[in-house]
DNA sequence: GTCTATAGGTGGATAGAC
DNA sequence: GTCTATCCACCTATAGAC
């Protein structure tokens, strides 16, 4: 602990986050993390119990910041429609700024059935997801949203769009004729705006976007 | 070729598909494929040029069948709204019956930026995806769908819901309080029906589901 | 706290008998 | 077509000097 929060430890976490996100857990080697962080590979075992412990620490650190900023936009102080617009815009900015997050999360789903991220997912369930469901229910009770949609299903449909866009960006890029790179960041922002209108149109009893 | 299509070759492909889908490309070993298929590991190099060649063959075989059945439901012989309902129901049945497909596809996105699946994605872009865009445009021109949504964006929002539900099933299961297993298959079918209504409500100028 | 060296195990791929 | 045996590279993790 020569630094405020042990600079060496942070360097290892930074490098590991990028490598785990890009290459996956199994394909990432200790020596690579050492090389990428500029830290001797053996030091990893000084700061962490092993490779898996490091992996869990990476997940924890990344999603701590998500959860801390998460529910702010859904706190009930804005009308439901505006809350949903802001949520999807925030989703896009967040995913643009932290491409590691959705890559790690997707890998965690298919590699380990979310086993290592179970705690974080429980916090998401009790936090942002439940808040979104409440926002939708609130809109339904006030007459702003149609009442024949199941709130939890509607919440999943709402958040699915932008996440899908990012995860399948290579495919979407090909679908849009932009190649596997998937177009500029502005395309993602444009899509997020569209996704907000799409969700609000789906939720609205009149088809107008409230 | 002692069999119609070389039974040994098929056995290798079957075992490799399951292992690549469950564990990923890197984590799957040649010896495991041999064990799971009941074929001597060295024979893999008789039938395929190597591990990567086998992987591409797996992708090709799996998505050949997708594409052959793909556009049938979108061929323009049914009204746009009904075509979209059928598409999402088909999507759910397809993903339920072939869990390897979305796992492999998602891995291909994050592991290789869809590099190995580029041909298949190009066929999807020129086939089912373009047909869905046409269906949406057709609905817009006939007045059944609102015209202020970009057809390609709307197509992505439409197909995103069910795919997200499957890929993030462990997370959705936790969100729904069903645990990481993600509930019964009927939940997926219920969600697919919801997704159809959600998309049609979003597309409809009146908010009714046509 | 940081390093070198290495143990112990497993990976993909090949040679060559049958 | 199928098998055994094996090469060589690389992995995680540890021992121990500094």
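Chains as they are written, first to last, in our numbering: chain A, 1 to 210; chain B, 211 to 420. The C-beta atom is built at its ideal place from N, Cα and C for all residues, glycine as well.
Query raised in the report: So which residues on chain A does residue 374 of chain B lean against when the C-beta distance must stay under 9 Å?
Result: Numbered from its first residue, the second chain carries residue 374 of chain B at position 164. Against chain A, the beta carbon of residue 374 of chain B has neighbours under 9 Å at 156, 157, 159, 160, 161, 163, 164 and 167, listed in chain order.
Query raised in the report: Is residue 316 of chain B close to chain A, meaning its C-beta is less than 8 Å from at least one C-beta of that chain?
Result: Translated into the one-based positions of the second chain, residue 316 of chain B becomes position 106. Yes, contact with chain A.
Query raised in the report: Name the chain A residues whose beta carbon is nearer than 8 Å to that of residue 326 of chain B?
Result: Indexing the second chain from 1 puts residue 326 of chain B at position 116. Per Cβ cutoff of 8 Å: no residues; residue 326 of chain B is ~11 Å from chain A at best.
Query raised in the report: Where does residue 14 of chain A fall in DSSP's three states?
Result: Along the first chain, read from residue 1 onward, the residue named residue 14 of chain A stands at position 14. In the structure shown, residue 14 of chain A sits in a helix (DSSP, three-state: H, G or I).
**Report entry** Neighbouring residues, chain A, relative to residue 363 of chain B (Cβ below 7 Å)
**Finding:** Translated into positions along the second chain, residue 363 of chain B becomes position 153. Chain A residues near residue 363 of chain B: 191 and 194.
Report task. Determine contact between the segment 61 to 79 of chain A and the segment 126 to 141 of chain A, defined as no fewer than three beta-carbon pairs at a distance below 8 Å. Result -> Yes: at least three Cβ pairs fall under 8 Å.
Query - Straight-line Cα distance separating residue 146 of chain A from residue 314 of chain B - result: Sequence index remark: in the second chain, residue 314 of chain B carries index 104 (1-based). Sequence index remark: in the first chain, residue 146 of chain A carries index 146 (1-based). Taking the straight line from one Cα to the other gives about 37 Å.
Requested in this report: Please list, in chain order, all residues of the same chain as residue 165 of chain A whose beta carbon is under 7 Å from its beta carbon, the five residues on each side excluded.
Outcome: Here residue 165 of chain A is taken as the residue at index 165 of the first chain, counted from 1. So the list reads 172, 188 and 191, once near-sequence residues are dropped.
Query raised in the report: In whole angstroms, what separates the C-alpha of residue 67 of chain A from that of residue 163 of chain A?
Result: Residue numbering aside, residue 67 of chain A sits at position 67 when the first chain is read from its first letter. Residue numbering aside, residue 163 of chain A sits at position 163 when the first chain is read from its first letter. Their backbone Cα atoms lie some 17 Å apart in a straight line.
Query raised in the report: So what does DSSP say about residue 326 of chain B, is it helix, strand or coil?
Result: Here residue 326 of chain B refers to the residue found at position 116 when the second chain is read from its first residue. If DSSP states are grouped into helix, strand and coil, residue 326 of chain B belongs with coil.
Query raised in the report: Whole-angstrom Cβ separation of residue 253 of chain B and residue 240 of chain B, contact assumed at under 8 Å?
Result: Here residue 253 of chain B refers to the residue found at position 43 when the second chain is read from its first residue. Here residue 240 of chain B refers to the residue found at position 30 when the second chain is read from its first residue. Going by Cβ atoms, the distance from residue 253 of chain B to residue 240 of chain B rounds to 10 Å, so no, they are not a contact pair.
Query - Contacts of residue 289 of chain B in chain A (Cβ-Cβ under 7 Å) - result: Taking the first residue of the second chain as 1, we reach residue 289 of chain B at position 79. Under the 7 Å cutoff, chain A gives no residues; its nearest Cβ is about 18 Å from residue 289 of chain B.
Query - beta strand (DSSP E) segments (min. 3 residues) lying fully within the segment 356 to 390 of chain B - result: none
Requested in this report: Ignore the nearest five residues each way along the sequence and tell me which others in residue 82 of chain A's own chain have a CB closer than 7 Å to its CB.
Outcome: For the purposes of this step, residue 82 of chain A is taken as the residue at position 82 of the first chain. Nothing listed; no residue qualifies.
Requested in this report: Classify residue 49 of chain A as buried or exposed, calling it buried when 16 or more other Cβ atoms lie within 10 Å of its own Cβ.
Outcome: As a position in the first chain, residue 49 of chain A is number 49, starting the count at 1. That one is exposed.
Requested in this report: Using a cut-off of 7 Å between C-beta atoms, extract the partners of residue 103 of chain A located in chain B.
Outcome: Taking the first residue of the first chain as position 1, residue 103 of chain A is located at position 103. In chain order: 320.
Query raised in the report: Taking Cβ positions, are residue 348 of chain B and residue 290 of chain B nearer each other than 8 Å?
Result: Counting from one through the second chain, the residue named residue 348 of chain B turns up at place 138. Counting from one through the second chain, the residue named residue 290 of chain B turns up at place 80. Result yes, Cβ atoms of residue 348 of chain B and residue 290 of chain B sit closer than 8 Å.
Query raised in the report: Given a threshold of 16 other Cβ atoms within 10 Å of its Cβ, counted over all protein chains shown, does residue 65 of chain A qualify as buried or as exposed?
Result: As a working note, residue 65 of chain A is residue 65 in the first chain. Counting Cβ neighbours within 10 Å, residue 65 of chain A comes out exposed, since fewer than 16 surround it.
Report task. Measure the Cβ-Cβ separation of residue 272 of chain B and residue 247 of chain B and say whether it is below 8 Å. Result -> Counting from 1 along the second chain, the entry for residue 272 of chain B is found at position 62. Counting from 1 along the second chain, the entry for residue 247 of chain B is found at position 37. No, the Cβ-Cβ distance between residue 272 of chain B and residue 247 of chain B is not below 8 Å.
Query raised in the report: In whole angstroms, what separates the C-alpha of residue 54 of chain A from that of residue 121 of chain A?
Result: Here residue 54 of chain A is taken as the residue at index 54 of the first chain, counted from 1. Here residue 121 of chain A is taken as the residue at index 121 of the first chain, counted from 1. Approximately 19 Å, taken between the alpha carbons.
**Report entry** Contact under 8 Å by Cβ, residue 154 of chain A with residue 385 of chain B
**Finding:** Residue 154 of chain A sits at position 154 when you count from the first residue of the first chain. Residue 385 of chain B sits at position 175 when you count from the first residue of the second chain. No, the Cβ-Cβ distance between residue 154 of chain A and residue 385 of chain B is not below 8 Å.
Requested in this report: List the endpoints of the continuous alpha helix (DSSP H) containing residue 46 of chain A.
Outcome: Mapped onto the first chain, residue 46 of chain A falls at position 46. Residue 46 of chain A -> alpha helix (DSSP H) spans 44 to 47.
Query raised in the report: Alpha carbon to alpha carbon, how far is residue 92 of chain A from residue 217 of chain B?
Result: One-based indexing of the first chain puts residue 92 of chain A at position 92. One-based indexing of the second chain puts residue 217 of chain B at position 7. Spanning the two alpha carbons is a distance of roughly 48 Å.
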